[in-house]
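Enquirer: To start, I am sharing the structure in question, which I have written as structure tokens.
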Amino acid sequence: VNCAEATSSVQAYVDGELAGIDRERIQRHLGACEVCARSCLLLGRFKAAVRAHLPRPPLPADLRQRLRQVLDGAGAAPRRRWTLPSYPRLVPAAVAAVLLLGITFKARTQSQVLGQAQRTYQTEMPMDIVGSDCGSISSWFRGRLDFPVHAPAFAGQASCKGGRLVNVGERMGAYLVYQSSGGHRVALLVFDPRDESIEAPHRRMVNGREILFGGGPGISTAVYRDRGLGYVVTSDLDEDALTRLVMASFHPAGAASAP
Amino acid sequence: MPLFKSRPSKADFEREAMPHMSALYAAALRMTRNERDAEDLVQDALLRAYRFFDSFEAGTNCKAWLFRILTNAFCNRYREREREQEVMSEAESSDANVEQFLAGSPTSGRDAENALLGRMVSADVERALAAVPQDFRMAVILADLEDFSYKEIAEIMECPAGTVMSRLYRGRKILQGLLHKYAIEQGIIPASHPAPEVDTKADARASAEPVDMAAYRRRRQAGGESS
Numbered sequence: 003v004n005c006a007e008a009t010s011s012v013q014a015y016v017d018g019e020l021a022g023i024d025r026e027r028i029q030r031h032l033g034a035c036e037v038c039a040r041s042c043l044l045l046g047r048f049k050a051a052v053r054a055h056l057p058r059p060p061l062p063a064d065l066r067q068r069l070r071q072v073l074d075g076a077g078a079a080p081r082r083r084w085t086l087p088s089y090p091r092l093v094p095a096a097v098a099a100v101l102l103l104g105i106t107f108k109a110r111t112q113s114q115v116l117g118q119a120q121r122t123y124q125t126e127m128p129m130d131i132v133g134s135d136c137g138s139i140s141s142w143f144r145g146r147l148d149f150p151v152h153a154p155a156f157a158g159q160a161s162c163k164g165g166r167l168v169n170v171g172e173r174m175g176a177y178l179v180y181q182s183s184g185g186h187r188v189a190l191l192v193f194d195p196r197d198e199s200i201e202a203p204h205r206r207m208v209n210g211r212e213i214l215f216g217g218g219p220g221i222s223t224a225v226y227r228d229r230g231l232g233y234v235v236t237s238d239l240d241e242d243a244l245t246r247l248v249m250a251s252f253h254p255a256g257a258a259s260a261p
Numbered sequence: 131m132p133l134f135k136s137r138p139s140k141a142d143f144e145r146e147a148m149p150h151m152s153a154l155y156a157a158a159l160r161m162t163r164n165e166r167d168a169e170d171l172v173q174d175a176l177l178r179a180y181r182f183f184d185s186f187e188a189g190t191n192c193k194a195w196l197f198r199i200l201t202n203a204f205c206n207r208y209r210e211r212e213r214e215q216e217v218m219s220e221a222e223s224s225d226a227n228v229e230q231f232l233a234g235s236p237t238s239g240r241d242a243e244n245a246l247l248g249r250m251v252s253a254d255v256e257r258a259l260a261a262v263p264q265d266f267r268m269a270v271i272l273a274d275l276e277d278f279s280y281k282e283i284a285e286i287m288e289c290p291a292g293t294v295m296s297r298l299y300r301g302r303k304i305l306q307g308l309l310h311k312y313a314i315e316q317g318i319i320p321a322s323h324p325a326p327e328v329d330t331k332a333d334a335r336a337s338a339e340p341v342d343m344a345a346y347r348r349r350r351q352a353g354g355e356s357s
């Protein structure tokens with residue numbers, strides 16, 4: 003180990019991140035090199051000093067009480083998934099069988115498009131078009147994409163904020179941003195799935211329509227197909243609230259959408 | 131099978147999560163730099179954690195899981211607001227600049243560094259940490275105040291471990307630089323003559339004095355040197 007190599011290892015060493023041969027090598031160098039040994043010592047002292055000067059402030063009593071109240075009001079069971087009321091009313095045996103398969107199926111993987119939707123949700127890039135009128139946002143995409151985009155109005159549960167073009171794999175897609183009535187940011191990715199099947203950790207049948215669910219920490223994602231296009235809804239809402247939102251985006255049965 | 135998996139109860143959640151609330155609050159306070167925002171953030175994170183509790187694997191690190199949710203909530207809420215303020219400091223803390231600005235000579239900087247370490251004032255450390263740009267600050271909070279490992283921080287901040295190391299490195303360097311600056315301003319350590327006007331890389335290593343941020347800025351503006 004020379005000094006240049008040691009410099010990058012000193013921090014890891016001080017942080018207790020080195021083990022085995024790496025640790026031995028840096029220790030040997032520190033034993034032989036006064037300069038590196040000193041910077042190692044100083045870093046350790048600096049770290050300890052910062053910590054000593056920044057003790058953990060106590061949790062305010064009123065916050066503790068507020069958290070209690072929030073939990074008490076949060077309902078009995080976390081994330082009621084697969085509860086009976088969300089099943090289609092009375093399903094024929096065949097559908098029920100498929101449904102059950104869907105319910106018990108738990109894929110380990112999720113399609114790239116879900117991960118991409120989640121990352122896009124978290125990075126908050128600037129919009130190509132900003133506005134609160136879903137119609138004009140939809141029409142902005144006309145000519146820019148080879149499929150029509152209809153920004154759903156989510157039946158008043160969320161309002162449009164803007165949109166931009168995104169890459170979905172090798173194709174272009176539309177990324178629409180909404181704000182829910184509760185103040186949550188909701189993003190909708192519209193893309194052409196062609197014939198690719200979409201994988202997600204959970205499936206749920208809602209009124210005969212399949213919705214796939216995935217998610218990262220603190221955010222959830224719902225994927226569905228509608229008239230040949232793929233839709234990924236990402237939000238920090240929980241899965242039930244997201245399901246309600248997705249339901250609100252479906253066209254009323256039989257209603258035609260203008261091209 | 132989810133249909134028959136026993137659901138985690140509220141009591142399970144409370145047992146796992148509540149002991150970490152003061153750690154979450156402390157970190158939230160230093161991330162948001164504001165008590166009110168910190169309280170809202172913790173409440174938000176708690177509620178999200180509760181809703182997503184069935185995605186938490188029992189027996190794994192609950193504190194890291196909660197911090198990941200907190201960090202996520204923080205980024206969703208405050209990233210945009212902070213972005214503008216930090217453009218400046220981000221630009222100034224690009225690798226080359228920080229290196230050049232803070233390159234402390236291993237021998238000549240010794241007295242100043244020792245003096246600084248001995249005379250740091252808590253209020254200054256708090257103020258300096260608050261001035262460190264967001265991503266670097268977060269890395270320092272997670273590593274130095276909450277004792278998370280690089281791997282855990284990588285998961286919490288959703289970035290590679292190498293990025294954790296460089297953020298931590300830069301975060302600590304910026305923190306040191308700011309503390310130097312405050313100490314000089316307050317006369318705690320002597321403002322020895324300003325850092326040399328033109329410092330070749332070799333000279334910078336051999337001759338750096340405690341660095342003054344204001345002097346550094348002036349020099350950058352005047353000379354426009356950026357190598």
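Chains as they are written, first to last, in the numbering used here: chain A, 3 to 261; chain B, 131 to 357. For glycine and all other residues, C-beta sits at the position ideal for the given N, C-alpha and C.
Look up N191 (chain B) in the DSSP assignment and say whether it is helix, strand or coil.
Expert: The answer is coil: DSSP assigns N191 (chain B) none of H, G, I, E or B.
Enquirer: Since Y155 (chain B) meets chain A, which of its residues come closer than 8 Å, beta carbon to beta carbon?
Expert: Going along chain A in sequence order, the residues near Y155 (chain B) (Cβ under 8 Å) are P59, L61, P62 and L65.
Enquirer: Under three-state DSSP, which class holds L56 (chain A)?
Expert: Coil at L56 (chain A), not helix or strand.
Enquirer: Which class does R173 (chain A) belong to by DSSP, given the choice of helix, strand or coil?
Expert: Three-state DSSP puts R173 (chain A) in a strand.
Enquirer: Among B:I286, B:A269 and B:Y299, whose alpha-carbon lies nearest the alpha-carbon of L196 (chain B)?
Expert: Minimum Cα distance to L196 (chain B) is reached at B:I286.
Enquirer: Can you tell me whether C35 (chain A) is helix, strand or coil according to DSSP?
Expert: Three-state result, C35 (chain A): coil.
Enquirer: By the criterion of Cβ-Cβ separation under 8 Å, what are the contact partners of F204 (chain B) in chain A?
Expert: Under the 8 Å cutoff, chain A gives no residues; its nearest Cβ is about 10 Å from F204 (chain B).
Enquirer: Spell out whether any CB of chain B is found under 8 Å from the CB atom of R110 (chain A).
Expert: Low per-residue confidence applies at R110 (chain A): pLDDT is 41, beneath 50, and the placement is therefore not dependable, though the value from the model is reported in the following sentence. Chain B contact via Cβ: absent.
Enquirer: Are the CB atoms of H150 (chain B) and C205 (chain B) within a distance shorter than 8 Å?
Expert: Result no, Cβ atoms of C205 (chain B) and H150 (chain B) do not sit closer than 8 Å.
Enquirer: Using a Cβ cut-off of 8 Å (strictly closer), state whether D274 (chain B) contacts chain A.
Expert: So yes, D274 (chain B) belongs to the interface.
Enquirer: Note down the Cα distance separating R181 (chain B) from Y280 (chain B), rounded to an integer number of angstroms.
Expert: Cα-Cα distance, rounded: 27 Å.
Enquirer: Tell me where the alpha helix (DSSP H) around G184 (chain A) begins and ends.
Expert: First-last for G184 (chain A): undefined, no H or E at that position.
Enquirer: For L275 (chain B), collect the residues of the same chain with a Cβ closer than 8 Å to its Cβ; drop the 5 residues on either side in sequence, then sort them by chain order.
Expert: So the qualifying residues of the chain are A156, A157 and R160.
Enquirer: Answer yes if the region 163-174 of chain B comes into contact with the region 61-74 of chain A, meaning at least three C-beta pairs across the two stretches below 8 Å, and no otherwise.
Expert: They touch, by the three-pair rule.
Enquirer: Give the residues from the region 39-59 of chain A that approach chain B closer than 7 Å (Cβ to any Cβ), ordered along the chain.
Expert: Listed by position along the chain: R40, S41, L44, R47, F48, K49, A51, V52, R53, H55, L56, R58 and P59.
Enquirer: Determine the extent of the beta strand (DSSP E) in which V3 (chain A) is found, giving its start and end residues.
Expert: V3 (chain A) -> no beta strand (DSSP E), and no H or E assigned at all.
Enquirer: Between R145 (chain B) and chain A, is any beta-carbon pair separated by less than 8 Å?
Expert: Taking Cβ atoms only, chain A never reaches closer than 8 Å to R145 (chain B), which makes this a no.
Enquirer: Hey, how far is the Cα of R227 (chain A) from the Cα of Y312 (chain B)?
Expert: The straight-line gap from Cα to Cα measures roughly 58 Å.
Enquirer: If you measure beta-carbon to beta-carbon, which residues of the region 12-35 of chain A are closer than 9 Å to chain B?
Expert: Here the close residues are Q13, A14, D17, G18 and E19.
Enquirer: Decide if the region 233-249 of chain A is in contact with the region 189-202 of chain A; the criterion is three or more beta carbon pairs, one per stretch, under 8 Å apart.
Expert: Flag = yes, the region 233-249 of chain A and the region 189-202 of chain A touch.
Enquirer: Would you call the region 211-228 of chain A in contact with the region 244-252 of chain A, where contact means no fewer than 3 C-beta pairs closer than 8 Å?
Expert: Yes: the two stretches touch, three or more of their Cβ pairs being nearer than 8 Å.
Enquirer: Which residue wins for smallest C-alpha separation from A8 (chain A), given the options A:G18, A:A21, A:G22 and A:V37?
Expert: Checked all of A:G18, A:A21, A:G22 and A:V37; the closest Cα to A8 (chain A) is A:V37.
Enquirer: Give the secondary structure of A250 (chain A) by DSSP, where H, G and I count as helix, E and B as strand, and everything else as coil.
Expert: Helix at A250 (chain A).
Enquirer: Tell me whether L43 (chain A) is buried or exposed, calling it buried when 16 or more other Cβ atoms sit within 10 Å of its Cβ.
Expert: It is exposed - the Cβ of L43 (chain A) has fewer than 16 other Cβ atoms within 10 Å.
Enquirer: Is the beta carbon of R166 (chain B) less than 8 Å from the beta carbon of F48 (chain A)?
Expert: Against a cut-off of 8 Å, the Cβ pair of F48 (chain A) and R166 (chain B) comes out as no contact.
Enquirer: Given D225 (chain B), which residues of its chain have a CB within under 6 Å of its CB, disregarding the five upstream and five downstream residues?
Expert: At D225 (chain B) the pLDDT is 43, less than 50, meaning the model places this residue with poor confidence; the figure from the coordinates comes in the next sentence. Excluding positions up to five away in sequence, the list is empty.
Enquirer: Between R173 (chain A) and the rest of its own chain, which residues show a CB-CB distance below 8 Å, the 5 nearest in sequence each way excluded?
Expert: These residues qualify, in order along the chain: F193 and D194.
Enquirer: Once you ignore the five residues that flank L308 (chain B) on each side, which residues in its own chain have a CB closer than 6 Å to its CB?
Expert: Hits under 6 Å: A258 and A261.
Enquirer: Excluding five sequence neighbours on each side, which residues of the same chain lie with their C-beta closer than 6 Å to the C-beta of V3 (chain A)?
Expert: Cβ within range, chain order: R27 and H31.
Enquirer: Taking the CB atoms as reference points, tell me whether Q118 (chain A) and V170 (chain A) lie closer together than 8 Å.
Expert: Yes, they are a contact pair.
Enquirer: Whose CA, out of A:S161, A:C162, A:L45 and A:S182, lies closest to the CA of L247 (chain B)?
Expert: The shortest C-alpha separation from L247 (chain B) is found at A:L45.
Enquirer: For P128 (chain A), which residues in chain B fall below 9 Å Cβ to Cβ?
Expert: The contacting residues do not exist; P128 (chain A) stays about 10 Å from chain B at best.
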